[in-house]
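Trainee: This is the structure I want to talk about, given as structure tokens.
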Amino acid sequence: MAIPGIAANAYATTARLGTPGTGLSKTIGDAAEGKTGSFGAMLRDVAQDIAAAGHKSDVQGQALASGKANIVDVVTAVAETETAIASLVSVRDKVIQAYEEIMRMTI
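Heads up: the sequence shown begins at 1 in full-length UniProt numbering, then just goes up one per residue.
Here you go:
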């Protein structure tokens, strides 16, 4: 099974997020310093990254159907997309939970 490879890719992606100059930290850092980055732009970039991962898994699936791809590559691409979507849903749930908590606060 390709689970160790999937986990390694997920950990590598997470590590890149905290590295200055790559991933989300650059956008967040720029926004904190008053530069042009914004929360909306960060969300748009993340959505584009997830869409690109989905497209990659689609391309791998089509290549497998035509006999030009390895099944391990297809499963890895699909698992990476699934992990990205699960992460996005988790963040969305936390944002909704925070919003609901703010709405319950008395002023």
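The C-beta atom is built at its ideal place from N, Cα and C for all residues, glycine as well.
Could you tell me the boundaries of the alpha helix (DSSP H) in which A38 lies?
Mentor: Rather than Ala, the amino acid found at residue 38 in this sequence is Ser. Premise fails: S38 is in no alpha helix (DSSP H) and is neither H nor E.
Trainee: Taking all protein chains shown into account, decide if E80 is buried (16 or more other Cβ within 10 angstroms of its Cβ) or exposed.
Mentor: Burial call: buried.
Trainee: Note the first and the last residue of the continuous alpha helix (DSSP H) segment covering A98.
Mentor: I71 to R104 is the span of the alpha helix (DSSP H), which, as asked, contains A98.
Trainee: Just to check my reading of the structure: A84 and A41 have Cβ atoms closer than 8 Å, yes? What is that Cβ distance to the nearest angstrom?
Mentor: Contact flag wrong, Cβ pair sits at about 18 Å.
Trainee: When the Cα of V89 is compared with those of E101, M105, L43 and R104, which residue comes out closest?
Mentor: Among E101, M105, L43 and R104, the Cα nearest to that of V89 belongs to L43.
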